[in-house]
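Undergrad:
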Amino acid sequence: MGRKKNKRKQSGVLAGHKKVGTKFLPPMMQLPNMKSTSYVNQLLPELIWVGLINDNVGYIRGARLLENVFLSVKAVLNNNVTGNFAFSTSYKQLSDAQQLELVRRLSMLGIIDELREYLSPLTLLYDHFPMRFLGPPDELIEHKVLLSNISSCVDKHMNKYETPGIVLNGTPLLSRLVTETISFPSNMDLPDFNAVVNSPESEEAKRAAGFMRANALAEFPALELADNWPRYFWNRGFELSPCEPLGEIDEDE
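Heads up: take any position in the sequence shown, counting from 1, add 1, and you land on my numbering.
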């Protein structure tokens with residue numbers, strides 16, 4: 002009886018998956034022309050700014066800050082959002098005037114100082130960080146503190162199957178929902194995304210996590226963003242911590 006029950010449960014989790022070698026590809030990755038995307042090598046550098054925010058204020062407050070950023074970008078673009086601003090490279094499409102306007106709006110909301118503080122490891126250590134235009138923090142932060150913060154953030158978010166990494170993968174979907182650039186059929190059985198944080202060990206959380214990962218892995222290559230930032234991020238990381246090289250890691254997707 003137990004075996005039959007487990008078999009039914011497994012078939013439900015893997016419903017729609019296709020076995021290729023030793024891997025099971027989710028439905029989204031079976032679409033024509035779908036490119037393989039590495040969470041560590043590509044997505045993590047694009048989303049690590051979100052990780053720094055969450056590390057400082059937690060997931061709930063972090064989500065509120067992100068919502069304000071995404072809505073401010075939408076306003077700057079006159080509601081014509083053509084990319085996904087969860088990915089840091091997307092901010093390179095903003096003109097100088099739009100960047101200044103975004104900073105102004107974030108200042109009016111009273112959150113620019115927070116963002117500058119939380120993103121300081123990227124702003125001060127990485128010259129080519131796409132969101133560097135937000136500016137540095139007012140207070141001086143020691144180099145060793147900046148390095149420690151970005152190193153611990155990377156370590157914490159390295160595993161896409163643990164809560165910090167799952168939340169990062171959910172950020173592109175959050176951006177779409179907040180800016181109303183995605184919609185789902187009314188009869189679609191969507192998971193409870195809050196379960197990822199509220200009850201991370203539950204089956205609902207696992208279902209939501211799978212949905213988030215699949216969405217991120219499907220959307221990122223579709224945007225066709227340049228890979229300059231992810232490559233630079235890992236190369237610069239090696240320069241900063243040559244004894245602890247990270248990146249270029251082969252992983253199961």
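Backbone N, C-alpha and C define an ideal beta-carbon position, used for all residues, glycine too.
Treat the numbers as computed from the prediction; the structure is a model and nothing was measured.
Output the boundary residues of the alpha helix (DSSP H) element that contains Gln99.
TA: As a working note, residue 99 is residue 98 in the sequence shown. Note, Gln99: alpha helix (DSSP H), 97–109.
Undergrad: Would you please state the rounded distance, in angstroms, between the beta carbons of Phe134 and Gln100? I believe it to be under 8 Å.
TA: As a position in the sequence shown, residue 134 is number 133, starting the count at 1. As a position in the sequence shown, residue 100 is number 99, starting the count at 1. Correct: roughly 4 Å between the Cβ atoms.
Undergrad: Thinking just about the alpha-carbon of each residue, which of Asn57, Lys75, Leu45 is nearest to the one in Arg177?
TA: Along the sequence shown, read from residue 1 onward, the residue named residue 177 stands at position 176. That would be Lys75, whose Cα lies nearest to the Cα of Arg177.
Undergrad: What are the boundary residues of the alpha helix (DSSP H) that Ala210 is part of?
TA: Here residue 210 refers to the residue found at position 209 of the sequence shown. Per DSSP, Ala210 belongs to the alpha helix (DSSP H) from 204–224.
Undergrad: Tell me whether Met132 is buried or exposed, calling it buried when 16 or more other Cβ atoms sit within 10 Å of its Cβ.
TA: If you number the sequence shown from 1, residue 132 lands on position 131. Per the 10 Å Cβ criterion, buried.
Undergrad: Helix, strand or coil: how does DSSP classify Ser242 here?
TA: Here the question's residue 242 lines up with position 241 in the sequence shown. Looking at Ser242 - three-state DSSP - the assignment turns out to be coil, as it is neither helix nor strand.
Undergrad: Distance, Cα to Cα, Phe222 vs Thr38?
TA: Within the sequence shown, the letter at position 221 stands for residue 222. Within the sequence shown, the letter at position 37 stands for residue 38. Per the sequence presented here, residue 222 reads as Pro, with Phe not at that position. Answer to the nearest angstrom: the Cα atoms are 7 Å apart.
Undergrad: Who are the Cβ neighbours of Met29 in its own chain at under 6 Å, not counting the five residues just before and after it?
TA: For the purposes of this step, residue 29 is taken as residue 28 along the sequence shown, with counting starting at 1. Because the pLDDT at Met29 is just 45, under 50, the model does not fix this residue reliably, and the value given afterwards should be weighed accordingly. For Met29, where only same-chain residues beyond five positions count, the Cβ hits under 6 Å are Ala215, Ala219.
Undergrad: For Pro173, I'd like the list of residues in its chain whose CB is within less than 6 Å of its CB, leaving aside the five on either flank, ordered along the chain.
TA: Position 172 of the sequence shown, counted from the start, is the residue given in the question as residue 173. Around Pro173: Asn85, Ala87, Ala217, Glu220.
Undergrad: Apply the 10 Å Cβ neighbour rule to Pro46 and answer buried if 16 or more other Cβ atoms are within range, or exposed otherwise.
TA: Taking the first residue of the sequence shown as 1, we reach residue 46 at position 45. When all chains shown are included, Pro46 counts as buried.
Undergrad: Specify, as a first and last residue, the run of the alpha helix (DSSP H) that Ala87 falls within.
TA: In the sequence shown, residue 87 corresponds to position 86, counting from 1. Careful: Ala87 lies outside any alpha helix (DSSP H) and carries neither H nor E.
Undergrad: Looking at the structure shown, is Asp228 part of a helix, part of a strand, or coil, going by DSSP?
TA: Reading the sequence shown from its first residue, position 227 is the one you call residue 228. Note: Asp228 maps to coil in three-state DSSP.
Undergrad: Starting from Leu147, follow the alpha helix (DSSP H) in both directions and report where the run begins and ends.
TA: Here residue 147 corresponds to residue number 146 of the sequence shown, with the count starting at 1. Run containing Leu147: 144–158, per the alpha helix (DSSP H) assignment.
Undergrad: Leaving aside the five residues before and after Tyr119 along the sequence, list all residues of the same chain whose C-beta is less than 6 Å from its C-beta, in chain order.
TA: Translated into the one-based positions of the sequence shown, residue 119 becomes position 118. Answer for Tyr119: Leu53, Ile54, Asn57, listed in chain order.
Undergrad: If you run the structure through DSSP and keep just helix, strand and coil, what is Gly13?
TA: As a first step, residue 13 must be located in the sequence shown, where it is residue number 12. Residue placement at Gly13 cannot be trusted, given a pLDDT of 42 that sits under 50; what the coordinates show is reported in the next sentence. Of the three classes helix, strand and coil, the one that applies to Gly13 here is helix, per DSSP.
Undergrad: Quick check on DSSP: helix, strand or coil for Ser199?
TA: Mapped onto the sequence shown, residue 199 falls at position 198. The sequence given here places Asn at residue 199; Ser does not occur at that position. Of the three classes helix, strand and coil, the one that applies to Asn199 here is helix, per DSSP.
Undergrad: How many Å lie between Ser242 and Tyr92 at the Cα?
TA: Here residue 242 corresponds to residue number 241 of the sequence shown, with the count starting at 1. Here residue 92 corresponds to residue number 91 of the sequence shown, with the count starting at 1. Their Cα atoms are separated by approximately 27 Å.
Undergrad: Looking at Pro192 and Asn150, is the spacing between their C-beta atoms short of 7 Å?
TA: Here residue 150 is taken as the residue at index 149 of the sequence shown, counted from 1. Here residue 192 is taken as the residue at index 191 of the sequence shown, counted from 1. Against a cut-off of 7 Å, the Cβ pair of Pro192 and Asn150 comes out as no contact.
Undergrad: Look at the alpha carbon of Leu44 and the alpha carbon of Phe239, and state the distance between them as a whole number of angstroms.
TA: For the purposes of this step, residue 44 is taken as residue 43 along the sequence shown, with counting starting at 1. For the purposes of this step, residue 239 is taken as residue 238 along the sequence shown, with counting starting at 1. Rounded to the nearest angstrom, the two C-alpha atoms are 18 Å apart.
Undergrad: Asn117 lies in the alpha helix (DSSP H); which residues open and close that run?
TA: The sequence position of residue 117 within the sequence shown is 116, counting from 1. The amino acid at residue 117 is misidentified as Asn; the sequence shows Arg. Start and end: 113–119.
Undergrad: If you drop the 5 nearest sequence neighbours on each side, which residues of the same chain put their C-beta closer than 8 Å to that of Gly136?
TA: Stepping through the sequence shown from its first residue, residue 136 is reached at position 135. Taken in chain order, the residues that qualify are Val104, Ile113, Arg117, Thr124.
Undergrad: What distance in whole Å lies between the Cβ atoms of Phe71 and Val198, which are believed to be in contact at a cut-off of 8 Å?
TA: Position 197 of the sequence shown, counted from the first residue, corresponds to residue 198. Position 70 of the sequence shown, counted from the first residue, corresponds to residue 71. Going by Cβ atoms, the distance from Val198 to Phe71 rounds to 19 Å, so no, they are not a contact pair.
Undergrad: Would you identify the three-state DSSP class for Glu68, choosing helix, strand or coil?
TA: Translated into positions along the sequence shown, residue 68 becomes position 67. Of the three classes helix, strand and coil, the one that applies to Glu68 here is helix, per DSSP.
Undergrad: Of all the options Arg62, Ala64, Glu102, Tyr60, which has the alpha carbon lying nearest to the alpha carbon of Leu78?
TA: By 1-based counting over the sequence shown, the position of residue 78 is 77. For the residues Arg62, Ala64, Glu102, Tyr60, the minimum Cα distance to Leu78 belongs to Glu102.
Undergrad: Excluding the 5 residues flanking Asn81 on each side, which residues of the same chain have their C-beta closer than 6 Å to its C-beta?
TA: As a working note, residue 81 is residue 80 in the sequence shown. Correct list: empty, nothing qualifies.
Undergrad: Within a Cβ cutoff of 8 Å, which residues of the same chain sit near Ile183, ignoring the five residues on either side of it in sequence?
TA: Looking up residue 183 in the sequence shown gives position 182. The residues are Leu174, Arg177.
Undergrad: Exposed or buried, Gly59, counting other C-beta atoms within 10 Å across all chains shown (16 or more means buried)?
TA: What you label residue 59 is simply residue 58 of the sequence shown in a count that begins at 1. The residue is exposed, with fewer than 16 neighbouring Cβ atoms inside 10 Å.
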